[in-house]
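Each remark here refers to the structure printed beneath this line.
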Amino acid sequence: MKIGIISDTHGMLRAEVFTVFEGVDHILHAGDIGKLDILTELEALAPVTAVWGNVDTLDIRARVPEVARVELDGISVVVVHGMQFGSPSPEKLAREYPEADLVVFGHSHRPVIQQVGHTLAVNPGSAGRRRFGDPVAVALAEIADGTVTARLVHLDPDRR
180 MKIGIISDTH GMLRAEVFTV FEGVDHILHA GDIGKLDILT ELEALAPVTA
230 VWGNVDTLDI RARVPEVARV ELDGISVVVV HGMQFGSPSP EKLAREYPEA
280 DLVVFGHSHR PVIQQVGHTL AVNPGSAGRR RFGDPVAVAL AEIADGTVTA
330 RLVHLDPDRR
């Protein structure tokens with residue numbers, strides 16, 4: 180199973196995302212969506228599990244939860260924006276959600292993939308406007324034989 184992971188779009192969905200996410204079976208959006216239209220556009224590619232982030236408005240908060248739990252191909256997944264942890268880190272999230280095989284988060288705009296015990300923690304970074312000099316990125320995860328792996332995909336910060 181192939182999963183597209185995205186966060187911190189802040190109302191901007193780059194055309195590159197459609198190419199990178201082509202053929203994914205599911206998409207996880209870790210909040211700061213920005214506009215409901217982004218969820219609709221992503222849903223044209225695959226089913227979406229999303230959460231709201233600290234800058235999301237009431238219309239988005241009415242549609243998606245603060246924390247989402249889903250099982251994908253036998254893997255327990257938790258999606259959370261991360262603002263609940265101040266400065267979220269893979270270690271903090273793995274401690275908070277010990278039952279999760281995969282924890283997806285955002286908020287910091289800093290992409291990271293780190294195994295903490297049995298939990299793979301993934302922050303795909305920001306897929307929206309470039310901020311803080313951090314790379315613009317998404318992630319792709321793959322579930323095979325009961326194991327989840329992930330990799331970052333850097334996007335062109337000058338392309339929309």
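Numbering (this note's numbering), first residue to last: 180 to 339.
Ideal Cβ positions, reconstructed from N, Cα and C, are used throughout, including at glycine.
Computed from a predicted model, the values in this text were never measured in an experiment.
What residue does the alpha helix (DSSP H) around residue i start on, and which one ends it?
i    : result
G240 : It is worth fixing the name first, because residue 240 is Arg in this sequence and not Gly. First-last of the alpha helix (DSSP H) with R240: 237 to 242.
R274 : 269 to 275
A194 : 194 to 199
I217 : 215 to 222
Taking residue i as the reference, give the member of the options with the closest Cα.
i    : options                : result
K214 : G202, G253, L207, R240 : R240
G202 : I182, E220, E195, D216 : I182
V295 : G325, A223, G210, L281 : L281
P290 : K271, E278, V315       : V315
L251 : H260, A279, E275       : A279
T198 : S268, L221, V327, V259 : L221
L331 : S266, D216, N302       : N302
P226 : G265, K271, V249       : V249
Is the beta carbon of residue j closer than 8 Å to that of residue i?
i    : j    : result
I292 : A273 : no
L207 : V283 : yes
V256 : E245 : no
I254 : I184 : no
D204 : D235 : no
D187 : H288 : yes
N233 : M262 : yes
Buried or exposed: where does residue i fall if 16 or more other Cβ atoms within 10 Å of its Cβ makes it buried?
i    : result
R193 : buried
H297 : exposed
H189 : buried
G285 : buried
G304 : buried
T228 : buried
Based on the DSSP output, what are the partners of residue i in its beta bridges?
i    : result
N233 : DSSP, once it has assigned bridges, lists no residue as partnering N233.
E250 : S255
E321 : K181, T328
H205 : I182
A316 : H333
S305 : V315
T228 : L207
Just curious, the beta strand (DSSP E) that residue i is in, first and last residue?
i    : result
T298 : 298 to 302
L281 : 281 to 283
I292 : 291 to 295
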